[in-house]
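Only one structure is covered here, and it is reproduced in the block below.
Protein chains: 2
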Amino acid sequence: MNDNRQMTMKDIARELGVSVATVSRALSDSPSISRKRRQEIQQFAREHNYFPNVIAEQLRHSRRNPSRAIGVIVPELVHYYFSSILDGIESEASSRGYHLIVAKSNESYEREVQICEEMLKNKVCGIIVSQAKDTERYDHFERLEAAGVPLVFYDRICPALNASRVVVDDYMGTMNAVSHLIDTGCKRIAFFGTTMSMIIGKNRFNGYRDALYKHGLTLDESLVRICDNRADAERITPAMMRMETPPDAFFAVNDDTAIGILSVVKRLGYTVPDEVSICGFTNGFRATVCDPMLTTVEQRGTEVGKEAADILIGLVEGTLPAVHAEKRIVKTRLVIRGTTRHP
Amino acid sequence: MNDNRQMTMKDIARELGVSVATVSRALSDSPSISRKRRQEIQQFAREHNYFPNVIAEQLRHSRRNPSRAIGVIVPELVHYYFSSILDGIESEASSRGYHLIVAKSNESYEREVQICEEMLKNKVCGIIVSQAKDTERYDHFERLEAAGVPLVFYDRICPALNASRVVVDDYMGTMNAVSHLIDTGCKRIAFFGTTMSMIIGKNRFNGYRDALYKHGLTLDESLVRICDNRADAERITPAMMRMETPPDAFFAVNDDTAIGILSVVKRLGYTVPDEVSICGFTNGFRATVCDPMLTTVEQRGTEVGKEAADILIGLVEGTLPAVHAEKRIVKTRLVIRGTTRHP
DNA sequence: ACCGATTACGCAAACGATTGCATTTATTTA
DNA sequence: TAAATAAATGCAATCGTTTGCGTAATCGGT
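Going line by line, the protein sequences match chains A and B.
Quick note on numbering: the first sequence equals residues 1 to 343 in the working numbering.
Quick note on numbering: the second sequence equals residues 1001 to 1343 in the working numbering.
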C-alpha cells in the first residue's frame, strides 16, 4: 500500500497555526500577507517539499481557465513524417507551457472515436489530429467542437469540416519537382500517387499536370498510377519500363515509393539519373541512404507541427477568433541529390 | 469568450428536482435508486450529453486511486528506435486503459528536470524514461521516487539508481552478429561503438570481444573505434581501409553508422559483402534502403516499449512489488541481408 | 486617549463528484 | 391499524485550492 499522502496546504496551516487561506496567499506571494509570515510559510513549504495539487487547482479554475494539455492524435508513430510533426508540436507546445497527451489511432475509425472521448474526459484544452485512413464519419469531431474543444487538422484534413488546418504545399511542391525533372531534360515523366479521393493525392497530381502543361508537354494517362508504397512500386515499375517508350523519369508521392522504383530501375540495368531520373516526396531518413541519394521534396514536418500547435494555442488563448477557421500552408523545398541530373 | 460551461450533475439535479447524490448514484447504476428514477436520470443525461468531470472525480479519489496518465520522457522524437518504443508503450498503455503524456528532453539535463517537475505536478501515475545524454545527476529521479511515483528506465539506464528497467540484449545481440560474420569467413572484424561509459557501449563491446575469443580470434585494438554516427564513420573508415591489412568486416553500433561505412567502402571500390562484410544494429527504416540491404541486429523497440509499460502498470497497480526493481531484457534477432555473406 | 484608515488575517463558499449516515416514504407483518 | 421492516432519497462532509468579504489588530494623527 502506497501511503501516497502528499503534503497539503491544510497540513502547513495546521503546523504553523494559520488558516489555509493564509497559506494559499502566502504561497502565491500575495502582498496582503505580511512579509514575515509569507517567508515563514514559503520556507516551511520548501523544506517539507510541498507540491501544489494541480487537480484541485484545475477544479477550482475549471470555469475560467482551460487546462494546459493538448491532445494529439497520430495515425501511426513509427513514421518519419508523423514523428517530425509530433516533434514540432512538442517543441512549440512545451515552450509555451503546454504539455501533450499523445494517442495513436492505428488508422482505425473506432479507435479514433474512442480517443476523442478519452481526451474529452481528460479535459484537454484542444486537439491536433490527422484523420485515420478509414474515417468517413465526422460526428466525433463535431462533438468536440460542440463541447468547445478547438480542433486543428494536419496532413490528412477532414474535407467535410471547415476546421483549422495546416498542410504542406503539395501543389507547388510537386510542380517544382516536376519542373526540375523537365529542366534537366526529362520528357516522359511517370507519376505514382495516391487515390484522388485524398486531398493530398489530388493536389500533387494537379501540380504534376500543370508542370507538364506549363512546359508544353502532354499528359500521358498511361504514365499515371495509383501507387504509394514500396511493395507496389516494385510490382508496377517493371511493367512500366517494358513499355514501347518507357518513362525517363518518375515522380513518386513519397520516398518509400521512390526507393522502390529506384531499386527496380537499377536492377533492370538503367543508370540513374542519366537514363532514368527519380524524385520522391518527404525527405526522410531513407533519402540519404539509397544509392544514389534521393532527390525529394522536403515536407518539413517539424514546421507543420509547430504551426498546428501555434494555431491551437491561439484558439485556446483567444488570440485567434474561434469562428474563423485558420488555414496555413507550409512551403516545401526541393532537395536535389543524386537521382536527378543537375540543371 | 468561450462559454465553456459544461453540464454538471448539479444541473441535472436541478432540472429533475432531485438531489445531486441521487444523480450520482443513478448514473453509476446504483440499485439503491429506483429503476424508474435511474432510467429517467440516465436518459436526461444522455440527451443533454452530460460528461463527467474527470478533474473532480480525480480530486475526490486522489487519496485512493492514482491517475491513469503515464509520463513518457524521450530524448528525441524523430528517431526510429525511440519512435518504436513510444509505439510499444502506447499500445500497451492504451489497451490497459492508460494514456500518455509525452515530452522530449532534447538530450538536455535541464529540460529533463523541468519535465519531471511538470509531470509530478500533472499527477502522472508513473514515468517511463530514457535519460538525456548529458544527465549526470539523478536527484530529480530520486525526488520522483520519494513522491511515490514509480520509475521505469528503457534504453539509457541510470546506473546509479536501482530502478526498474528494460533493455535490449546488447551482449548477445552483438555476440551473435559477430559470430555470424566469423561463420561467413570474416577474420578481421572492426568494431565501431560508443564510449564505454554508456552501458550499452560496454555490453556491445563485450559481446564483440567474447565472440572473437570464442572462435579463437584475437582482439586487435586498432580495429576498435568510438564512432556512432554516419558522419564520423565516413571520416574514420577510409583511414581504416588504408591499413596494411584492412578489416574484412565491420560491426557498427547502429544502422546509421553501418551505412556510413557501407557508402565509403563501396566508393573505395570494394565489393560488399564479398570483400567487406558489414553489420549494423537497429533494423530501422534505413536498413532496407541501402544497396545491398543491411544485415543488422533487430532491436525490437516495440517490445521494449511494451515491457516498460507492463512493468510500470504493474508497479502502479501493485501487482509488482514496489521494493524490488524489475529488470527485463528483450531478446534481439539477427536479420541477415545483403551486406554479409550467407552461411 | 480616541477615531478612522490601513494592514493582516480568518471564514466560508465555491469547483464537481462521491458516499456514510440520516431521513423520508412505501411496504409488509402482526 | 399500529408497528416493524425495507426501499428510496436527501444531507452534508470530503478531496485541495482559491477568493470575496468580514473582522481583528495595528497604526498614525489629533
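Each residue gets a CB set at the ideal place from its N, CA and C atoms; glycine is no exception.
Under 8 Å by beta carbon: chain A residues contacting Tyr1080(B): Val78, Phe285
Mind checking who Phe153(A) pairs with in its DSSP beta bridge? Val129(A), Arg165(A)
Under 7 Å between C-beta atoms, does His1342(B) make it to chain A? no
In the segment 1224-1277 of chain B, which residue ranges form an unbroken beta strand (DSSP E) of at least 3 residues, counting only runs that do not cross its ends? 1224-1226, 1249-1252
Let me know the secondary structure DSSP gives Lys1104(B) once reduced to three states. strand
Taking buried to mean at least 16 other C-beta atoms within 10 Å of its own C-beta, is Tyr213(A) buried or exposed? exposed
Extent of the continuous alpha helix (DSSP H) to which Glu1110(B) belongs: 1109-1121
Rounded to whole angstroms, what's the CA-CA distance from Gly17(A) to Ala45(A)? Just pull it up for me. 14 Å
Taking 7 Å as the cut-off, decide whether the C-beta atoms of Thr1282(B) and Asp1255(B) are in contact. yes
Among Gly88(A), Glu110(A), Val102(A), the one whose alpha carbon lies nearest that of Ile1070(B): Val102(A)
I want to see whether chain A comes within less than 7 Å of Asn1122(B), judged by CB atoms only; does it? yes
Within a Cβ cutoff of 8 Å, which residues of the same chain sit near Ser1019(B), ignoring the five residues on either side of it in sequence? Ala1013
Beta-carbon contacts of Ile336(A) that lie in its chain and below 6 Å, excluding the five residues immediately before and after: Thr295
Against chain B, does Gln58(A) count as a neighbour if the rule is that its beta carbon must be under 7 Å from one of theirs? yes
Using a Cβ cut-off of 9 Å, pull out every chain A residue sitting near Val1102(B), in sequence order please. Val72, Leu86, Glu90, His99, Leu100, Ile101, Val102
Can you tell me whether Arg341(A) is helix, strand or coil according to DSSP? coil
8 Å Cβ cut-off: residues of chain B touching Cys290(A): Val1289, Cys1290, Asp1291
Along the alpha helix (DSSP H) that carries Val1297(B), what are the first and last residues, could you check? Premise fails: Val1297(B) lies in the beta strand (DSSP E), 1295-1298, not in any alpha helix (DSSP H).
I want to know whether the segment 55-68 of chain A touches the segment 107-119 of chain A - three or more CB-CB distances under 8 Å. no
To the nearest whole angstrom, what separates the beta carbons of Lys1123(B) and Val54(A), a pair I think is in contact under 8 Å? 6 Å
Check whether the Cβ of Leu1181(B) lies closer than 6 Å to any heavy atom of the ligand MG, and answer yes or no. The model depicted lacks the ligand MG and carries no ligand whatsoever.
Closest Cα partner of Gly1185(B) within the set Val1129(B), Asn1203(B), Glu1275(B): Glu1275(B)
Check the Cβ-Cβ distances between Ile278(A) and every residue of chain B, and say whether any is below 7 Å. no
Show which residues of chain A have a CB atom less than 8 Å away from the CB atom of Val952(B). As shown, chain B starts at 1001 and ends at 1343. That puts residue 952(B) outside it, with no answer to give.
Beta-carbon of Ile1259(B) versus every beta-carbon of chain A: anything under 7 Å? yes
Determine which residues of the segment 1159-1172 of chain B have a Cβ less than 8 Å from any Cβ of chain A, and write them out in chain order. none
With DSSP collapsed to three states, give me the class of Gly1284(B). coil
Among Pro75(A), Pro292(A), Ala56(A), Asp29(A), the one whose alpha carbon lies nearest that of Glu110(A): Pro75(A)
Measuring straight from C-alpha to C-alpha, what distance separates Val166(A) and Ser1108(B)? 29 Å
Quick test of the definition: if touching needs 3 or more C-beta pairs under 8 Å, does the segment 233-244 of chain A touch the segment 140-153 of chain A? no
Ser83(A) CB to nearest chain B CB: under 7 Å? yes
Closer than 9 Å, Cβ to any Cβ of chain B: which residues of the segment 24-56 of chain A, in chain order? Asn49, Phe51, Pro52, Asn53, Val54, Ile55, Ala56
Buried or exposed: His1079(B), going by 16 or more other Cβ atoms within 10 Å of its Cβ? buried
I'd like the list of long-range same chain contacts for Glu326(A), defined as Cβ closer than 7 Å, with 5 residues on each side in sequence excluded. Ser164, Ile311, Leu320
Any idea if His324(A) is buried or exposed, counting beta-carbon neighbours within 10 angstroms, 16 or more meaning buried? exposed
Proximity winner among Val330(A), Leu223(A), Pro273(A), Ser83(A), relative to Pro343(A) (alpha-carbon distances): Pro273(A)
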